[in-house]
Amino acid sequence: MATPATTGRHLRRARLCVAAVLPVVVGGVPGQAAGIAASVTDGAGKPLAQAVVTVTPLDNVAVSPAAASHLATATIDQQNERFVPEVVVIHTGGGVVFRNSDTTRHHLYSFAPIRHFEFVQNPGDVSAPVKFDTPGTAAVGCNIHDNMVAYVDVTDAPWAAITDQTGHAHILDLPPGRFAVTVWHPRLRPRSTPPTQTVTLETADTTVAVSLPVLPPPRPHGRGSLY
Amino acid sequence: MKFSTRLALFLIALLVAVQAATGVATYAVIRGTLIGQGAAQLTSGATQFTRQLDEIARQMAAGVKILTLDYALRRAVAEHDHNTVVSALRNHGRRVGASRMLLVDTDGTIGADTHPPAGADRGLFAYPALLEQAAENQRVATVAVLNGEAVWLVVVPVLAPDAIAFVAAALPLDDEMLARLRVLAGLPAATGLAIAAPDGDWHMTAGPIDTALAVQLPAVGGRQTAEPSIITTKTGETIFLFRLLETPPGSPSVAAVMAYPLSDALRPFRRIIAVVLGALGFGLIAAMVGAWLVARGVVRPLEALARYAGRVGAGDYTSPPEPGGRDEIGQLSAALGGMTRAIAEREDHVRHQASHDPVTGLLNRQTLAATIDATPMRGSAAVVVIGLMRLQEIANTVGRELAERVMRDAATRLAAALGNATLGSATLGCVGERSFAALLPGCDADAALAIGARVIAALDHPYREGDLTTDTAVAIGVALAPEHGTTAALLLRRAEVAQQSALHTKDRAAVYRADADPHRPELLSLMGELRRGLQRGELQLYYQPKLDLDSRRITGAEAVVRWQHPTRGMISPDSFIGLAEETGNIGDLTRWALQSGMTQAALWHSQGLELRLALNLSVRDLGDDELPQRIAALLRDTALPTAALVLEITESAIMGRPDAAIAVLRRLADLGIALAIDDFGVGQSSLAYLRRLPVSELKIDKAFVQRLAQSPDDQTIVRSVIELGHSLGYRVTAEGVEDAVSLDVLAGFGCDEAQGYAIARPLPAESFDRFVAAWHATRVLAGTAPAGPAA
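Below, the structure written as structure tokens:
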């Protein structure tokens, strides 16, 4: 649900700095409540899934509470020694519920500056929501299973969405006006700033294409050569 | 140098060369092989070394990985609990054997260090590239240089769950580690590590490698050497391998250096060398002995053959060559033997040819003479020469081959005749193209002549061949030993002289007479002695009285030369006049005779004895252009009346003479000198020719006069000649009157003058005077001659 944008907050991230090329296509979409369709690719042009697209209004725009509701809580499940989904985005103050649908115990932890926590979760357990009161990103891992990593992106931006396998994310019901669209990905090159684009939305949907330079996926633990 | 020595030296040199070549080749091959082995060992050892290094590093990396998974450490790192981190690192470092552990933040700064460098800030991690690799690959391990040391560096990310930091563990690659690695890798060589300084020089950081080798490293090049190479240092040659170890960007190069001293590589070689040298030495000695034996084995037979050849050369053809056998030496020996036999045969043949006449097969002159000389002469012996005097004529008429056949036939007949006559003890030979000779031992002159008669009888039968009949006209000359000579050569020569004189005799055989021999050696020097004799007055004129048959008075004298030789005694004119004519000495003689005779005659004239002097001229004198002037001069000098001189020339001398000679005669005649033909009747006179000559006298040859009293034929001839002469106006003198009867006969025929032994022999001048006086006195007393002035 599109809500008027609040004042955008500048998201500060400390990452390795790499310049991003951002072609912008602006097109009209019929309907009063327009949306932004984001298409994210990686440095090689391939669709990039699990990229977090946040939209911050640059004008004083009203934000409907409905917009915030689906970003209040996220659930991360543990199945087959993997987090599902691996990337969630919530509003600051929101929480993440961890569910253990796996057959093994999991020892969840995070040493993220924005939120430290750790607890052991038995199979079938569902945890209380873990609250994140500080914006930023937190990496969550399992002490027992080195390959399990999930990312929680805590954002102040009123609107956020995560790209699917095709690299697309759609943010709907946005009031017309100017917006800052920021894209973040867990594998964003270290010390690079998540790219932001300014979009002017009117009556039609606007498509935003973003190319993110991301690191290649890491090799799984237990395999690989010494060098 | 002796052949055997040369052969032995050659064999030894050959063997030494072969052995040396073998030894050198063996050495080279073995050395090459061992070096190759050493190099291969080095290469495989180097590979092993790196593999072991990897293994150790892998273990360490595993250990460090486990450390980084430790939850407590992760939490300590996340919470920036520096002290915990450091102690955990230190503790764990001991476990894994690292000398130093670092915690590196994601931005590259060193967060914790178990061995911080003194005084300095922790600073940045030296190899940020490793962090990236570690983040990608979960771990990275490499050789790197840290604080000037070569270390094995393992970098592992601390995942919580993202990489929040990196742990870097450094394993020192020091001498101990290298030694361990060397053992594990089975490297035979000393192994070391060298680090390249920024200026390109290398220096050894670890390992017992001679620093001198490090100096070699820049020379070897900054690139990896795939093959071991051999370098030479002070200590000797070393097989050297250099492997660059992979280092992260920004790190100085690190190289593993492996050196394998060649002396070590070649150590197993020494025994082989010793054995080979021993074998070589033994082989050499054996070869020397063998070579010496072979040389002897070859040389000995050759020496024997050389001695054999020497014997053959010295003329010994009979001793057999040695050695025998069927090998090559034996073949050579047999061939030499065959050659010797052939030589002996040829020599015999040649000797036979040299000593025998080729046509008749009899002994030749030389051999016969040698045989004769070699025969011991007891008593007398005769050498007989038998000549076929017409053989040249036969050869000219019917050819040489027939003449040879005639000779052969004659030889056969002669041998048969001699064999019968002398019972085979004669030695027969062929001494000339047409002459045979035989030695008849024990024969005197009569026996020899008797045998000669038999021979003549045998040879007189003409030789018949087909239609052809040839007479051979045999003549035989005999010389007796020891009277006529004691050497074969002399006897043969004298027999040949006798043969010449036998040619015209009835018997056709003659014995040598010294006085008839015109070839006596003493004659050779006669002319010189004649000249000397003339100078020394050995010659004297003797005068033979000439009787005027009419008045029975001595009216003339013929001067004849007598030579009283100091050693030879009286030499008769027959001996030297002819020779003087031949040799051109007659001129001197004639001049002397003219001078001497005319002087004497002049003297007689001055004493009242008026004689006509007759002097002999030779045909040579007629060739003397100045003779008339000289005689004219002499006549003036001696004051001899011209009419008192008569010059006598023999009939044969005057006939057919060239006009120049006739001219001289004319000039003499013009002077008023009387000329007489001497020895008239026995030559070839042409009366017509005679008539043209300025001659005024004829002297009948003594051949017609000597037996005038007994021979009617001679009387007829003489009377005819006298009449003829008178009718031609000549004065006629008879020479050689032997007895008084002949004198009377001659007087009866009308002969003008007579000369001969019946009157007187030639007398010396002083005797002549007395003779003439006595003759005239006798005649006066007998009343048959008018008285005249006593001489």
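Protein chains in written order, with the working numbering: chain H, 22 to 248; chain R, 241 to 1031. The C-beta atom is built at its ideal place from N, Cα and C for all residues, glycine as well.
- Scanning its chain for C-beta atoms nearer than 8 Å, with the 5 sequence neighbours on each side dropped, one finds around residue 800 of chain R the residues 781, 782, 783, 784, 813, 856, 1002, in chain order.
- In this structure, the straight-line span from the alpha carbon of residue 285 of chain R to that of residue 425 of chain R is close to 6 Å.
- For the options R:372, R:296, R:311, the alpha carbon positioned closest to that of residue 338 of chain R is the one of R:296.
- Taking C-beta separations shorter than 7 Å and ignoring five residues to either side along the sequence, the partners of residue 729 of chain R in its chain run 609, following chain order.
- A contact is defined here as three or more CB-CB pairs under 8 Å, and the region 911 to 921 of chain R meets this definition with respect to the region 930 to 942 of chain R.
- For residue 852 of chain R, the beta-bridge partners assigned by DSSP are R:796.
- For residue 315 of chain R, the residues of chain H that pass the 7 Å Cβ criterion are 132, in the order they occur in the chain.
- Just so you know, the alpha carbons of residue 143 of chain H and residue 221 of chain H end up roughly 48 Å apart.
- Counting along the chain, residue 553 of chain R sits inside the alpha helix (DSSP H) bounded by residues 507 to 554.
- Residue 747 of chain R counts as exposed, since fewer than 16 other beta carbons sit within 10 angstroms of its beta carbon.
- Residue 64 of chain H is outside the set of residues whose beta carbon lies under 7 Å from a beta carbon in chain R.
- In summary, the residues of the region 399 to 413 of chain R whose CB is separated from some CB of chain H by less than 8 Å are 399, 400, 401, 402, 404, in the order they occur in the chain.
- Taking each of R:367, R:554, R:971, R:984 in turn and checking the Cα distance to residue 491 of chain R, the smallest one comes out for R:367.
- What residue 164 of chain H touches in chain R, judged by beta-carbon distance under 7 Å, is 311, going in chain order.
- Remark: three or more beta-carbon pairs, one from each stretch, lie closer than 8 Å, so the region 296 to 308 of chain R and the region 378 to 388 of chain R are flagged as touching.
- For residue 262 of chain R, the uninterrupted alpha helix (DSSP H) segment begins and ends at 243 to 309.
- If only complete runs of 3 or more residues are kept, the region 720 to 751 of chain R shows the beta strand (DSSP E) at 749 to 751, in order along the chain.
- C-alpha of residue 274 of chain R to C-alpha of residue 514 of chain R: approximately 16 Å in a straight line.
- The beta carbons of residue 680 of chain R and residue 688 of chain R sit closer together than 7 Å.
- Taking C-alpha positions only, residue 343 of chain R is separated from residue 291 of chain R by approximately 27 Å.
- Where residue 127 of chain H is concerned, there is no enclosing alpha helix (DSSP H), although the beta strand (DSSP E) around it starts and stops at 127 to 133.
- Think of a sphere of 8 Å around the beta carbon of residue 167 of chain H: the chain R residues whose beta carbon falls inside it are 309, 399, 401, in chain order.
- Per DSSP, reduced to three states, the secondary structure at residue 604 of chain R is strand.
- At least one beta carbon of chain H lies nearer than 7 Å to the beta carbon of residue 318 of chain R.
- Under the 7 Å criterion on CB atoms, residue 170 of chain H is classed as interfacial with respect to chain R.
- Note on geometry: alpha-carbon atoms of residue 944 of chain R and residue 954 of chain R lie some 5 Å from one another.
- Annotation: residue 571 of chain R to residue 531 of chain R spans about 23 Å, alpha carbon to alpha carbon.
- Residue-level contact check: residue 160 of chain H touches chain R, since one or more beta carbons of chain R fall below 7 Å from its beta carbon.
- Rounded to whole angstroms, residue 421 of chain R and residue 289 of chain R show a C-alpha spacing of 6 Å.
- For residue 942 of chain R, the enclosing alpha helix (DSSP H) starts and ends at 942 to 945.
- Taking a contact to require three or more Cβ pairs closer than 8 Å, the region 148 to 168 of chain H and the region 110 to 130 of chain H qualify as touching.
- Taking a contact as a CB-CB distance under 8 Å, the pair residue 102 of chain H and residue 166 of chain H counts as one, their CB atoms being some 5 Å apart.
- Think of a sphere of 7 Å around the beta carbon of residue 211 of chain H: the chain R residues whose beta carbon falls inside it are 346, in chain order.
- CA-CA distance, residue 605 of chain R to residue 671 of chain R, rounds to 4 Å.
- The Cβ atoms of residue 878 of chain R and residue 833 of chain R lie no closer than 7 Å to each other.
- With a cut-off of 8 Å on Cβ pairs, the region 633 to 651 of chain R is in contact with the region 709 to 719 of chain R, counting three or more such pairs.
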